[in-house]
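Colleague: Can you read through this structure? Questions will come right after.
In our numbering, the protein residues as written are 14 to 477.
Structure representation (structure tokens):
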């Protein structure tokens with residue numbers, strides 16, 4: 014007669030028991046922290062939709078922090094087991110480095126504040142998303158919240174634009190006027206910057222693609238309508254970086270689906286060159302920042318790295334040294350935090366992308382490689398589709414981040430946490446994929462991150 018534990022795992026592999034630890038006779042029973050996820054759901058609503066900021070009276074309430082604290086408490090006491098990955102450790106290494114870098118640059122107290130803010134506003138949310146999204150159902154629920162929030166922003170932006178009189182527009186949040194003709198929509202919270210709003214819309218495009226892929230005729234029509242609405246919203250932000258992010262994301266999707274691995278590697282090396290040349294030809298120019306000024310900022314960032322290679326000029330000091338932000342997240346981090354800091358930040362980002370790419374390109378290989386996936390092929394297929402969706406959302410960030418300084422935006426850490434959670438669920442179905450987070454791949458990811466800086470520097474030497 015077949016062992017009951019094996020039967021249970023085949024019936025519901027994500028809700029059964031974990032692996033044996035030393036000295037234990039029975040596996041640890043999994044606990045999925047429903048209350049922890051409940052407060053994470055409320056946190057997601059508060060961060061994306063921000064209903065507490067709809068009125069002046071409630072806009073000062075710290076509901077986002079409260080939801081995060083409750084989610085963290087219930088996670089610590091009711092989630093078993095949870096696993097940390099190299100991405101968690103790499104980002105944790107950033108916190109003391111930021112303080113050391115600040116002290117080295119004569120701004121010690123500022124470094125303590127920056128490190129604390131990074132931990133509370135970035136690392137902690139990524140941890141919560143990475144450990145609490147224990148099922149595809151939870152992931153789809155948060156995706157739905159994200160899409161609803163994006164549509165609300167587009168609708169609100171349309172109201173702003175329709176009622177804009179050259180000075181201001183009605184609607185929730187404000188609007189930004191460039192010159193006398195261009196009006197850029199915005200929203201509440203950190204979405205009051207059109208660039209952040211546009212980045213969020215770009216990162217939602219793959220979610221809409223998932224709705225189109227999994228739905229019938231009605232859902233496909235709805236998905237196409239939402240896709241058009243997101244493009245309209247991106248246009249209304251007036252953000253050149255996010256517009257290129259949307260176009261690049263769509264292009265990368267079709268390219269990765271058709272191209273072989275070698276061609277993808279070559280294209281990855283060429284992409285920073287193409288983006289740099291695009292900027293030098295004025296493809297990103299606007300009345301507020303010329304293309305030449307953007308390239309000068311990139312070059313100054315490289316010089317900051319060369320003159321302060323170990324610790325950089327200190328987090329938050331790029332603007333003080335150059336006068337403006339870098340308009341490039343990779344250059345910005347390298348200039349402010351040096352070799353060590355950029356290796357930690359870039360390694361985290363590139364390792365997450367490497368894992369997502371491997372799961373995208375080796376889907377059939379993964380399905381056949383492990384006998385542990387036997388009987389759970391449909392569930393594994395579902396999880397791989399979600400992983401691919403989150404991977405392309407992160408591709409949207411990678412592209413837009415090349416033209417914007419959004420290296421520590423909350424969006425990055427929320428979406429990266431979702432992708433780590435997806436990877437965790439896949440490892441439960443096929444433990445052999447854990448080889449993707451080996452030490453060798455961590456170093457490889459750090460190398461990939463430095464390729465971006467090297468290629469940009471070479472392109473700048475030619476373009477300037």
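Glycine included, each C-beta is placed from N, C-alpha and C at the ideal position.
#1: Of all the options 348, 373, 406, 412, which has the alpha carbon lying nearest to the alpha carbon of residue 396?
#2: Give a yes or no on contact between the stretch 44–52 and the stretch 78–88, applying the rule of three or more CB pairs nearer than 8 Å.
#3: Excluding the five sequence neighbours on either side, which residues of its own chain have a C-beta within less than 6 Å of the C-beta of residue 361, listed in chain order?
#4: Am I right that residue 324 and residue 175 are in contact with their C-beta atoms under 8 Å? What's the rounded C-beta distance?
#5: Using 8 Å as the threshold, is the C-beta distance between residue 207 and residue 252 below it?
#6: Which word fits residue 209, buried or exposed, when buried means at least 16 other C-beta atoms lie within 10 angstroms of its C-beta?
#7: Among all the DSSP beta bridges, which residues are the ones paired with residue 153?
#8: Going by the DSSP bridge assignment, what does residue 44 pair with across the sheet?
#9: Whose CA, out of 65, 69, 92, lies closest to the CA of residue 80?
#10: Would residue 61 be called buried (16 or more neighbouring beta carbons within 10 Å of its own) or exposed?
#11: Do residue 220 and residue 108 have their C-beta atoms closer together than 8 Å?
#12: Can you give me the C-alpha to C-alpha distance between residue 136 and residue 249, rounded to a whole angstrom?
#13: Residue 236 to residue 96, Cα distance in whole Å?
#14: Report back the beta-carbon spacing between residue 410 and residue 424 to the nearest angstrom; my notes put them in contact at under 8 Å.
#15: At the level of alpha carbons, what is the spacing between residue 299 and residue 185?
#16: In the structure shown, what three-state DSSP assignment does residue 239 receive?
#17: Name the two residues that bound the continuous alpha helix (DSSP H) containing residue 146.
#18: Which residues bound the alpha helix (DSSP H) around residue 406?
#19: On the three-state DSSP scale, how would you describe residue 198?
#20: Given that a residue counts as buried once 16 or more other Cβ atoms are within 10 Å of its Cβ, and exposed if not, what is residue 472?
#21: Residue range of the alpha helix (DSSP H) that residue 322 falls in?
#22: Please report the distance separating the alpha-carbon of residue 224 from that of residue 398.
#23: Put residue 358 into one of helix, strand or coil per three-state DSSP.
#24: Taking only beta-carbon positions, decide if residue 425 is within less than 8 Å of chain D.
#25: Is residue 127 near residue 328, with beta carbons less than 8 Å apart?
#26: Please work out which residues of its chain come closer than 7 Å, Cβ to Cβ, to residue 238, disregarding the five sequence neighbours upstream and downstream, and give them in chain order.
#27: Between 202, 391, 453, which lies nearest to residue 75 when the distance is taken from Cα to Cα?
#28: Looking only at C-alpha atoms, which of 436, 418, 462 sits nearest to residue 212?
#29: Using C-beta distances below 7 Å, list every residue in its chain close to residue 440, excluding the 5 sequence neighbours before and after it, in chain order.
#30: Do you know whose CA, among 459, 67, 141, 98, lies nearest residue 89's CA?
#31: Just the C-alpha distance for residue 338 and residue 78, rounded to the nearest angstrom, thanks.
#32: The alpha helix (DSSP H) spanning residue 254 covers which residue range?
#33: Would you be able to state if there are at least three C-beta pairs under 8 Å between the stretch 351–366 and the stretch 446–461?
#34: Can you tell me the Cα-Cα spacing of residue 51 and residue 59, whole angstroms?
Modeller: Taking the definition as stated:
#1: Counted from its first residue, the chain shown places residue 396 at position 383. Considering only alpha carbons, the answer is 373.
#2: yes
#3: Indexing the chain shown from 1 puts residue 361 at position 348. These residues qualify, in order along the chain: 100, 103, 104.
#4: Mapped onto the chain shown, residue 324 falls at position 311. Mapped onto the chain shown, residue 175 falls at position 162. For residue 324 against residue 175, the beta-carbon gap comes to about 49 Å, at or over 8 Å, which does not count as contact.
#5: For the purposes of this step, residue 207 is taken as the residue at position 194 of the chain shown. For the purposes of this step, residue 252 is taken as the residue at position 239 of the chain shown. Closer than 8 Å, so yes.
#6: What you label residue 209 is simply residue 196 of the chain shown in a count that begins at 1. Residue 209 should be labelled buried.
#7: Along the chain shown, read from residue 1 onward, the residue named residue 153 stands at position 140. Answer is none; residue 153 lacks a bridge partner.
#8: On the chain shown, residue 44 is found 31 positions in, with the first residue counted as 1. DSSP output for residue 44 lists 93 as bridge partner(s).
#9: To locate residue 80, count along the chain shown from 1; it is residue 67. Comparing Cα-Cα distances from residue 80 to each of 65, 69, 92, the minimum goes to 65.
#10: Locating residue 61 in the chain shown gives position 48, where the first residue counts as 1. By the neighbour-count definition (other C-beta atoms within 10 Å, threshold 16), residue 61 is a buried residue.
#11: Indexing the chain shown from 1 puts residue 220 at position 207. Indexing the chain shown from 1 puts residue 108 at position 95. No; because the gap between Cβ atoms is not below 8 Å, this pair is not in contact.
#12: As a working mapping, residue 136 is identified with position 123 in the chain shown. As a working mapping, residue 249 is identified with position 236 in the chain shown. Distance between the alpha carbons of residue 136 and residue 249: 31 Å.
#13: As a working mapping, residue 236 is identified with position 223 in the chain shown. As a working mapping, residue 96 is identified with position 83 in the chain shown. Near 35 Å, if we compare the C-alpha coordinates of residue 96 and residue 236.
#14: Here residue 410 refers to the residue found at position 397 of the chain shown. Here residue 424 refers to the residue found at position 411 of the chain shown. Yes, residue 410 and residue 424 are in contact; Cβ-Cβ is about 7 Å, under 8 Å.
#15: Looking up residue 299 in the chain shown gives position 286. Looking up residue 185 in the chain shown gives position 172. Confidence at residue 299 is low in this model, with a pLDDT of 42, below 50, so the placement of that residue should be treated as unreliable; the coordinate-derived value is given next. Those two C-alpha atoms are separated by around 26 Å.
#16: For this step, residue 239 is matched to residue 226 along the chain shown. Correct three-state label for residue 239: helix.
#17: As a position in the chain shown, residue 146 is number 133, starting the count at 1. Careful: residue 146 lies outside any alpha helix (DSSP H) and carries neither H nor E.
#18: Within the chain shown, residue 406 is the residue found at index 393, counting from 1. Here the alpha helix (DSSP H) through residue 406 covers 390–414.
#19: Walking along the chain shown from the start, residue 198 turns up at place 185. DSSP places residue 198 in the strand class (E or B) of the three-state scheme.
#20: The residue given as residue 472 occupies position 459 in the chain shown. Buried, because 16 or more other Cβ atoms sit within 10 Å of the Cβ of residue 472.
#21: Numbered from 1 along the chain shown, position 309 holds the residue referred to as residue 322. Here residue 322 belongs to no alpha helix (DSSP H), and DSSP marks it neither H nor E.
#22: On the chain shown, position 211 is the one that residue 224 refers to. On the chain shown, position 385 is the one that residue 398 refers to. Each residue's alpha carbon lies about 11 Å from the other.
#23: In the chain shown, counting from the first residue as 1, residue 358 sits at position 345. In the structure shown, residue 358 sits in a helix (DSSP, three-state: H, G or I).
#24: Absent here is chain D; the protein component of the structure consists of one chain.
#25: Sequence index remark: in the chain shown, residue 127 carries index 114 (1-based). Sequence index remark: in the chain shown, residue 328 carries index 315 (1-based). Contact: yes.
#26: Taking the chain shown and counting its residues from 1, one reaches residue 238 at position 225. None.
#27: Residue mapping note: residue 75 aligns to position 62 of the chain shown, counting from 1. Closest option to residue 75, Cα to Cα, is 202.
#28: As a first step, residue 212 is located in the chain shown; it is residue number 199 there, counting from the start. Looking at the Cα atoms, 418 is the closest of the given residues.
#29: Here the question's residue 440 lines up with position 427 in the chain shown. Result list for residue 440: 446, 447, in chain order.
#30: Residue mapping note: residue 89 aligns to position 76 of the chain shown, counting from 1. Ranking the options by Cα distance to residue 89, first place goes to 141.
#31: By one-based count along the chain shown, residue 338 stands at place 325. By one-based count along the chain shown, residue 78 stands at place 65. Using only the alpha carbons, I get a separation of about 28 Å.
#32: Position 241 of the chain shown holds residue 254. From DSSP, the alpha helix (DSSP H) with residue 254 extends over 253–271.
#33: yes
#34: Within the chain shown, residue 51 is the residue found at index 38, counting from 1. Within the chain shown, residue 59 is the residue found at index 46, counting from 1. Residue 51 and residue 59 have their alpha carbons spaced roughly 12 Å apart.
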